[in-house]
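First residue of the sequence shown? That's 538 in the numbering used here, and the numbers climb one at a time after it. Yeah, the Cβ is synthetic: ideal placement off N, Cα and C, and Gly gets one too. Note that the structure is a prediction, hence the values are computed from the model and not measured. Shown next, in C-alpha cells, is the structure this report addresses.
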Amino acid sequence: MITLTIDGKPVQVDQGSTVLDACRKVGIYVPTFCWDERLDSIGACRICLVEIEKMPKLQVACITPAVEGMIVSTQSAKAYGGRQSIMELMLANHPLDCPTCDKGGECDLQDVAFLSRQDSSPMAEPKRRFFTSPESTFDEKQIGPLIYLTMNRCIVCFKCVRFTSEIACEGDLGAFERGGHTQIAAGIGEAVKNEFSGNIVEICPVGALTSKPFRYKVRTWLTQKKASVCNYCADGCNLTLWTANNKIFRATSRRNDAVDEGWICDKGRFGVDIVNHPKRITSPLLEKSGQKLEITWEEAYEFASKSLKSIKEKHCSNSVAAIGSAHCSNEDNYLLQKFFRSVIGTNHIDHRVFYKNPLPASNSICAMQNSIEDLEKTGLIFVLGCDLTVEHPILGLRIKKAVTKLGQKLIVANNRGTKIGKFASQEIVYKFSSEVAFLNAVAHQLLQSGLVDKNKLRVPSEFESWLKEFSSQRTADDCSISASEIEAFAQAIGRAQSCIILLGRDVITHPYHKDVLQAAQNLAYLAGLFEKEFSGLNLLWEYSNSCGAQDMGVLPDRLPGLIPLSDSAYRAKLERAWNCKLPEKSGYNVKQILEAIDRGEIKALYVMQEDLIANFPDQGFVRKVLPKLEFLLVQTILPSEMTKIAHLVLPGASFAEKEGTYTSDEGRVQKTQAAFKPLGNSKPDWQILRELSLWMQGPFVHYSSQEISEEIANLVPAYSGKQSNKLSLTGERILSNGQPNVGDYQLKRVDFQPLQPNKEYPFHLLTGNLVSHSGTLSSWSASLRAVAKEVFCEISVSDSDQLQINNDDWVEIESAQGKLKLRARISDRLREGTVFVPINFPEAPVNSLLDKDSLVDTVKINKIID
C-alpha cells in the first residue's frame, strides 16, 4: 500500500493507483472529462489538474502515479486557476448551444462550468466551426445508422474512439488531424456499425454524439428512471428506462460489474421502442364473424373460462395445452404452469418454441456452471457452436477484454466463421454436424499425449480402445479440417490450468444435440475441468428468461426447480401448497402438442407471449394444425399471424410495464421495476392468469408479483431467499448443482453419425439471429430495423462462384417445404455446401423452409434471372 496526503487527508491506495484514484477513494471531487475507469487513462482533457508538492508544474491527476509520501492539493489557488484556464480554452470554441443541445441537463461540461462559475471565455477570436453541409443547422452528420456527430461541440476527450478500439475492439471511429483541427470521424466512406455503438453516445461528456431515436424528443429532467433488465438475449444486462407520459424515450446502461460493467449492446439499448409501438394490442379482442371485436375484460374472462371448462369436461384435462415464453418473467411463467397443472390438470406445458427436439431439461444444462466474471480468471476459453457476438454480445465483450487486456487464451470452433474468432489464438471451422467426431478426436489426442491424469480419473480400457477410432488424421477428413488443428487444441486444453467451455445455439439445435453434449462432457472430464477452479462446461440459452422458464417448470416433464414429475415427495409438497391433485403423467413438448392438435387429441391451446407461426421450425405444419383447435387463446402485446386466427386475444403487458424477476444464462436472478402502468387496458400476464383462475374457481390468491415471488422462494429450493423484495438491483446467482461430480462421472461412448448427402437439396440450411435482432420480437423495433432492414441468404464464396451468383442478386432458396425469394450475400465465413438465413424477419419466414421431422434442413438455390 502507498500512503499520500490529499488536501490534508492521509490516503492509502494500492501500488499502481493514480492520484485521481486516491482522490476518489476519499471522496474528493476532481473534475474529469476524458477519464473513465474502464478505459486506459490518457490525460487528454487536462481538466483534472492538481498541485503536487515539489513538482513545479500542475499535474494531470488521472495519469500521475500515486507515490509514497506525495502531498497533493486539489483546491489550491494554483490548481483551481489551472482548471479555470482549461475551461476557458474549452469554452473558447464550444458553441454554448445548451438550449438546443440534447445533452443539456446531463452534460459534464455544463456541470463543471457551473461549478467553476464560468459561462463564457475571454478569448476574442471567432469560434472554430466544422461545417458539414448547408442543409445542416447544427453542422451535424450521421456517422452510423443510429448515431449523429456534432463536431463543434466535441472537446476531444477521445472517449468514443477509445471505446471502439479498447472495448468493442472494432476501431470503426478514429481521430484525424491534430491540435485544434482534430476531428472525430469514421473512415472515409465508412460508418460506425459495431453492435455497441450506442455506448459512445452514453459516455460522451458533451452533446457531440447523439442517438437518432432519442434526440430532440424530451429533456432528461422531465423523465423518470426505472431499473430494468434487457428482454432480448440471456446475458441479463441491466438497463435504466427513461420514461415520461407512459412512453419509453431511451434505455441506458445500469452498471453491474458482475454482468455488463456498464456496457450494453445496441439491441438492448435501441430495441425498447417496441413497447410503444403504435400497433400495440391494448384491449381484449374476440373473434366474431371473421372480425376481431374489442370486448371488456369481464367478457373475455367469461368466454375463456367457459371455453376451457367446456373442452375439459367434454374431453379431458389433457385436451388442453399451454405455451409459456422465454421473454416473460419468472412470476408470469410460474403462474402459467401452476394454472394449467392445478386448475386444468395437465402437464402439456412448454415454452421451447424455437426447437424441433429440445434438449431434455436438467440442472446440468440449465444455468451456466461458471459466472461471467470467471471468464476473466480462467486460463482458456473454448467456444463451441456459438456465434457469441450475435447470441451473447456482452459475454463476447467480456471475452474480448479477457483476451486483449488480461492475456487469456481463446479457442473458437464452429461450422462457420464468427466475429469473435478473430480474437482467438485458434479458430477451427469444421464441417457441418461433425462436432461429435471433433470432440472425440480431441479426447483421444488427450489420452494419446499423456495429458489425462489417470491417477485421479477413471478411464475404462474399453472406452480408451474405442476412442482410437477417432485418430486425428481420420477425423480430420470427417470434419474437413487438418489433423494439426485437432492436435493443437488437445495440447491447449490438456495443459490449461483452467478452462471454461461455452456451448451455444448450434449445439442446442444440433440434430444430435444430446451426443454433442455428452462428447463435450467426456472431454471436460478428461481435461480435469470438473475439479479445476474457474473451469466448467456451460450451455448458453438464447433468450432473456430461457433459464427462468425452465426453472419455473414450464416444461412437460419437470416441476418448478427442474424437479422431475416422478419426485413424489416434491409433488406432494406442491399439492399441499396449491390445495389440489397434480397430474403425474409427463406431458407433451411444443412439437408433440402440435402433433396432438393434428390428431384431434388437443382441442384448446393457451399461448402466452409467443408466436408459433413465426418461430416454430415448421411454419407450414403450424398453419395446418392451429385452425383445427376448438379454442385458441393468444396472450400478447403485438399483432401477428397468431392473433389473426385466435378465437380470443388478451393484451399482456410488456417487460417494461410490470415488476418481476428474470434469470439470466449464468443463473443470476434479477428484478425489474415497472416503468409505467400497462398501456390501455392491457394487464401483466400473471394478473391475467390469476383473474382467469378466479373465474374457474382456482386456488389463486396472489395480489402482486411480489407475492408470487415469495411463493417461488418458499417452494422452489434453488430460489430460496431470492424473492424480489430481498434482491438487490444487481441480482443474485442460483448456486448451480449441475456440474458432474468427478468421482461419480462415467465416460460414455458417443458414436459419430455422419449426415448423408441430399442430391435434390444439396445445401445445408443454417439459421440464427442477426447481431442487431433477437428472434422475431425485435423486428417490431423501428430502430433495429434501421440497422438491419431486410432478410438475405448468405452463400459461401466457392458456391457463389459455381452458381455464378453475385452480391445482391436475387435467388430462390427452396426446400421440400417451400421456397423464398431473397437477396444473396456472399460470405467468406461459410463453408462450401452451407447457406445461412436469419430468423428475424416474419415477412420472409425462414421457418417456412423447415421440417419438424427432418434431422437437418436442406435446400437448393437458383439464381433468379430477370
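Three or more beta-carbon pairs separated by less than 8 Å are not found between the segment 1210 to 1229 and the segment 1281 to 1300, which leaves the two stretches without contact.
In this model, Leu1284 and Ala1361 are separated by some 45 Å (Cα to Cα). Of all C-beta pairs linking the segment 1000 to 1015 to the segment 962 to 980, three or more are shorter than 8 Å, placing the two stretches in contact. The segment 1251 to 1258 makes no contact with the segment 932 to 952: fewer than 3 CB pairs, one atom from each, lie closer than 8 Å. Taking a contact to require three or more Cβ pairs closer than 8 Å, the segment 1034 to 1053 and the segment 904 to 920 qualify as touching. Looking from the CA of Lys1220, the closest CA among Val743, Pro821, Asn951 and Asp1346 belongs to Pro821. Residue nearest to Val1374 within the set Leu1357, Lys1389 and Asp1388 is Leu1357 (criterion: CA-CA distance). Rounded to whole angstroms, the gap between the alpha carbons of Ala1114 and Asp869 is 18 Å. If you look at Arg1011, you'll find it in the alpha helix (DSSP H) that goes Ser1009 to Cys1016.
Note on geometry: alpha-carbon atoms of Ala1323 and Gly681 lie some 10 Å from one another. Shortest Cα-Cα distance from Thr1395 to any of Ile1363, Thr1209, Ser1364 and Ser1352 involves Ser1352. Its Cα nearest to that of Ala1025, the residue Ser986 stands out among Ile1045, Tyr1049, Ser986 and Phe1000. Segment contact: the segment 1166 to 1175 against the segment 1183 to 1193, three or more CB-CB distances shorter than 8 Å; contact assigned. Fewer than three Cβ pairs drawn from the segment 853 to 862 and the segment 1157 to 1164 lie within less than 8 Å of each other, which leaves the two stretches out of contact. In the DSSP assignment, Asn1399 falls within the beta strand (DSSP E) that extends over Thr1395 to Lys1400. Partner residues in the beta bridge of Gly1197, as assigned by DSSP, are Thr1209. The C-beta separation of Gly1031 from Leu1066 comes to about 11 Å, leaving the pair out of contact by the 8 Å criterion.
In the DSSP assignment, Glu1248 falls within the unbroken alpha helix (DSSP H) covering Ser1242 to Leu1252. Around the beta carbon of Thr601, 16 or more other beta carbons sit within 10 angstroms, so the residue counts as buried. Within the segment 635 to 678, the complete alpha helix (DSSP H) segments of 4 residues or longer fall at 645 to 652, listed in chain order. Counting only residues of its own chain and dropping the five nearest sequence neighbours on each side, Lys664 has a CB closer than 6 Å to the CB of Asn630. Counting every other CB atom within 10 Å of its CB across the protein chains shown gives Cys853 a total below 16, marking it as exposed. Contact annotation: Ile737 and Cys697 have beta-carbon atoms nearer than 9 Å.
For Ile1018 and Gly1370, the gap between their C-alpha atoms comes out near 15 Å.
By the criterion of a C-beta distance shorter than 8 Å, Asn1377 is surrounded in its chain by Asn1306, Leu1307, His1310, Ser1311, Gly1312, Thr1313, Ser1315, Ser1316, Ala1325 and Val1328, once the five residues flanking it on both sides are discounted.
One alpha carbon belongs to Gln596, the other to Val743, and they sit about 24 Å apart.
Beta bridge pairing from DSSP links Gly1073 with Ile1037. Distance between Lys546 and Lys594, taken at the CA atoms: about 22 Å.
In this structure, the alpha-carbon of Val1144 lies about 26 Å from that of Ser1261. Closest in C-alpha terms to Val979, from the list Ala745, Asn1059, Arg1136 and Arg699, comes Asn1059. By a beta-carbon distance limit of 8 Å, Val556 contacts Val609. Their separation comes to about 6 Å.
For Lys762, the uninterrupted beta strand (DSSP E) run begins and ends at Gln761 to Val766, by DSSP. Its Cα nearest to that of Leu917, the residue Ala1064 stands out among Ser578, Ala1064 and Leu626.
Taking 8 Å as the upper bound for CB-CB distance, Gly711 and Gly724 are in contact here, some 7 Å apart.
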